[in-house]
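I have placed the structure first, in the form of structure tokens, so that the comments after it can refer back to it.
Numbering (UniProt numbering), first residue to last: 1 to 712.
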């Protein structure tokens with residue numbers, strides 16, 4: 001090792017940062033550290049030494065392969081530079097047009113042989129061509145796949161040009177095989193094995209990614225226990241990211257219940273015992289006052305969407321505390337597989353303020369804080385610090401999706417931050433949007449209009465009141481009728497019975513709009529007989545509450561009763577598909593939150609629908625991001641519902657389906673994204689200008705594809 005004293009530049013922007021690869025974003029934090037200390041040379045006491053390390057390489061390797069790594073100790077600065085990029089510094093916070101050639105005597109370069117045509121700060125690649133022309137972002141700068149600038153070149157998955165798998169150094173040999181972002185397993189070609197020192201580290205056979213997918217799906221199918229399938233998928237995600245998403249996309253209907261509901265519920269319950277790899281960020285009360293620092297520990301800096309939970313109300317399973325991390329991880333897997341967001345742009349976060357689940361507190365394998373939940377001022381201050389730090393670190397347009405917060409916090413957080421942040425609550429807004437789409441489709445089978453229906457909900461929490469409000473908004477939009485008038489057609493039942501005016505003083509604020517004049521009614525079946533609803537919706541989180549009596553009462557009132565049992569996971573569903581079809585004598589229009597198998601009744605096969613939020617939130621998020629939307633408006637939720645309902649074909653209606661099959665989910669997500677983006681432009685909330693002419697094609701061009709890339 002050779003120690004030298006550097007000549008420090010006057011401007012930290014002149015220091016070259018890392019070139020493509022997750023670790024290149026360390027330059028962002030280093031740049032701030034430099035600015036704080038600008039003009040001060042490091043002292044001996046600080047132990048800041050600039051070391052020039054020449055990596056030992058075979059004698060046959062050309063000079064152009066030699067990589068020089070610069071490391072400054074005390075966790076201050078660590079970076080690499082690739083001089084094969086036209087001398088540009090690759091600074092993640094700057095666009096290509098803002099970057100400038102590195103200068104100053106401290107510049108050290110690392111070059112690799114290239115034969116490519118285009119050079120920019122994120123790697124040397126050919127132009128991406130979509131059809132006959134280059135796809136450009138809305139600012140006019142060529143970007144990968146259009147839309148948000150593809151810093152890492154991930155959208156170029158299906159192109160021929162080779163890329164260098166940069167990390168902290170050029171990944172090769174054993175290290176490359178252990179990097180899930182770049183590992184291809186047996187799909188490494190003969191040339192790649194030679195170039196990256198993989199000879200002998202892999203069996204001699206070379207197989208395609210398609211063959212790997214066949215092998216993996218056979219492996220997953222061998223497991224009989226659903227949780228084992230979940231663990232196999234999570235293990236694959238940590239070994240080979242692109243193969244994981246390729247497998248999930250190609251077998252989405254089969255694997256969606258594995259990586260998300262219902263299996264993710266059991267995974268969260270047992271998260272401590274099956275925990276193998278840390279996924280996402282854990283922010284606990286221990287980090288209070290240091291949340292910005294914690295966010296900066298995450299290796300990726302170009303984050304576009306965060307899914308966050310505090311674990312207090314995981315699905316219908318209650319307080320699972322820190323073990324609720326399975327929800328953000330699962331949701332973001334679907335953001336990538338179904339909505340096409342790049343994995344590196346997604347960040348799962350769990351906020352740990354303790355748990356009131358005594359079983360977990362007594363469990364030695366529980367991975368969270370072992371004390372009762374913090375509430376009140378302590379909780380509010382932690383969330384305020386979190387929201388402020390996220391915006392400070394990632395900017396105005398970072399999408400924050402709240403997941404599985406308890407009712408009392410979910411409504412308050414959404415109301416508090418919707419005017420200052422780009423926030424979305426999937427339990428309140430996403431569920432409402434997907435259910436509204438199902439109702440619009442169901443009415444095409446039953447006949448009639450939204451304003452002619454009577455709705456009865458079992459459950460008056462986040463999902464129930466969210467759906468009710470969106471139904472009222474859509475009906476008001478269609479009929480120009482005041483919201484207060486339309487709310488009178490929507491009735492809710494909670495744990496104490498029908499919500500009526502006489503209970504108004506004791507009701508939580510989000511239930512009060514649904515308190516109508518009526519005598520008190522305690523039992524659901526009695527409420528059905530008195531209200532005479534055409535639609536029954538379950539969001540209670542309690543299984544088997546739609547009893548035979550309840551379903552028969554609905555069938556006696558309606559020729560084709562619409563019954564939606566939406567609670568997750570499967571064990572918490574208000575009734576099964578078989579029960580709904582059997583007890584209604586095959587007349588029910590049924591959908592559930594978790595999947596059920598087709599049911600045969602009287603010689604006819606009924607295929608139940610699945611009102612899964614995965615239909616909505618991936619496309620919804622994509623629409624917000626590709627348009628640069630800064631706030632979520634209720635009209636965007638209505639636009640998403642309309643787009644989803646429009647994707648159901650007549651052939652599917654003939655089969656009794658009210659949702660399209662998941663096999664077409666990426667096409668569906670593109671249409672939802674286009675509708676949401678169009679509404680954002682209409683409302684003046686989009687910042688990516690000018691508006692693309694064909695938003696559907698633009699959405700498709702923005703989508704990540706998980707095919708393998710070739711390596712130099």
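Cβ atoms here follow ideal geometry from the backbone N, Cα and C, with glycine treated the same way.
Nearest residue (CA-CA) to residue i, options the options
i           : options            : result
residue 395 : 469, 416, 306, 644 : 306
residue 475 : 231, 464, 436      : 436
residue 641 : 673, 565, 690, 287 : 673
residue 540 : 615, 445, 241, 565 : 565
residue 290 : 421, 240, 381, 313 : 381
residue 298 : 263, 269, 347      : 347
residue 211 : 186, 605, 414      : 186
residue 340 : 671, 679, 467      : 671
residue 631 : 421, 516, 320, 593 : 421
residue 704 : 207, 545, 241, 417 : 241
residue 333 : 514, 243, 367, 384 : 243
residue 376 : 409, 555, 570, 521 : 409
residue 337 : 237, 384, 312      : 237
residue 438 : 612, 206, 487      : 612
residue 374 : 310, 345, 323      : 310
residue 701 : 680, 548, 708, 669 : 669
residue 405 : 615, 392, 424      : 424
residue 480 : 504, 316, 464, 450 : 450
residue 180 : 193, 234, 222      : 234
residue 544 : 574, 552, 532      : 574
residue 264 : 570, 223, 220, 478 : 570
residue 207 : 389, 549, 188      : 188
residue 465 : 505, 454, 509, 448 : 509
residue 392 : 292, 255, 635      : 292
residue 607 : 596, 615, 614      : 596
residue 283 : 275, 274, 269, 294 : 294
residue 301 : 342, 267, 315, 287 : 342
residue 676 : 652, 709, 627, 269 : 627
residue 446 : 267, 590, 379, 193 : 590
residue 214 : 248, 266, 387      : 248
Range covered by the alpha helix (DSSP H) that runs through residue i
i           : result
residue 583 : 577-583
residue 713 : The first residue shown for the chain is 1 and the last is 712, placing residue 713 beyond what the model contains.
residue 269 : 263-269
residue 604 : Note, residue 604: premise wrong, no alpha helix (DSSP H); beta strand (DSSP E) at 604-606.
residue 207 : Looking at the DSSP string, residue 207 is not in any alpha helix (DSSP H), and its letter there is neither H nor E.
residue 192 : 190-195
residue 523 : Note, residue 523: premise wrong, no alpha helix (DSSP H); not H, not E.
residue 275 : No alpha helix (DSSP H) holds residue 275; DSSP gives it neither H nor E.
residue 681 : 665-683
residue 376 : 376-394
residue 226 : 226-239
residue 410 : 407-417
residue 657 : That residue, residue 657, is in no alpha helix (DSSP H); it is neither H nor E in DSSP.
residue 295 : 291-296
residue 429 : Careful: residue 429 lies outside any alpha helix (DSSP H) and carries neither H nor E.
residue 794 : Not covered by the structure: residue 794. The range shown for the chain is 1 to 712.
residue 359 : 358-361
According to DSSP, residues forming a beta bridge with residue i
i           : result
residue 346 : 305
residue 610 : 592
residue 351 : 283
residue 516 : 500
residue 711 : 163
Span of the beta strand (DSSP E), counted from its first residue to its last, around residue i
i           : result
residue 600 : 599-601
residue 424 : 422-425
residue 283 : 281-284
residue 402 : 399-402
Closer than 8 Å to chain D by CB, residue i
i           : result
residue 188 : Chain labels in this structure do not include chain D; a single protein chain is all it has.
Hey, which unbroken runs of the beta strand (DSSP E) at 3 residues or more fall wholly within the stretch 530-595? 535-538, 562-565, 589-592
Start-end ranges of the alpha helix (DSSP H) lying completely within the stretch 446-506, minimum 4 residues: For the stretch 446-506, whole alpha helix (DSSP H) runs of length 4 or above, ordered along the chain, are 462-479, 483-487.
For the stretch 611-626 against the stretch 429-447, do three or more pairs of beta-carbon atoms, one drawn from each stretch, fall closer than 8 Å, so that the two count as touching? Yes, the stretch 611-626 touches the stretch 429-447.
The stretch 459-477 contacting the stretch 579-588, beta-carbon criterion three pairs below 8 Å: no
Mind listing, in chain order, the continuous alpha helix (DSSP H) runs of no fewer than 4 residues lying wholly within the stretch 613-651? 617-627, 634-646
Could you check whether the stretch 318-338 touches the stretch 398-409, counting it as contact only if at least three pairs of C-beta atoms, one from each stretch, sit closer than 8 Å? yes
Does the contact criterion of 3 or more C-beta pairs under 8 Å hold for the stretch 172-180 versus the stretch 194-214? Yes, the stretch 172-180 is in contact with the stretch 194-214.
For the stretch 569-583 against the stretch 493-501, do three or more pairs of beta-carbon atoms, one drawn from each stretch, fall closer than 8 Å, so that the two count as touching? Cβ pair count under 8 Å is below three, so no.
Cβ pair count under 8 Å reaching 3, the stretch 644-661 against the stretch 437-451: yes
Going along the chain, which unbroken runs of the alpha helix (DSSP H) with 4 or more residues stay wholly within the stretch 313-347? 326-339
Pairing CB atoms from the stretch 250-260 with CB atoms from the stretch 224-233, are three or more of them under 8 Å? Taking 8 Å as the limit for Cβ pairs, the verdict is that the stretch 224-233 does touch the stretch 250-260.
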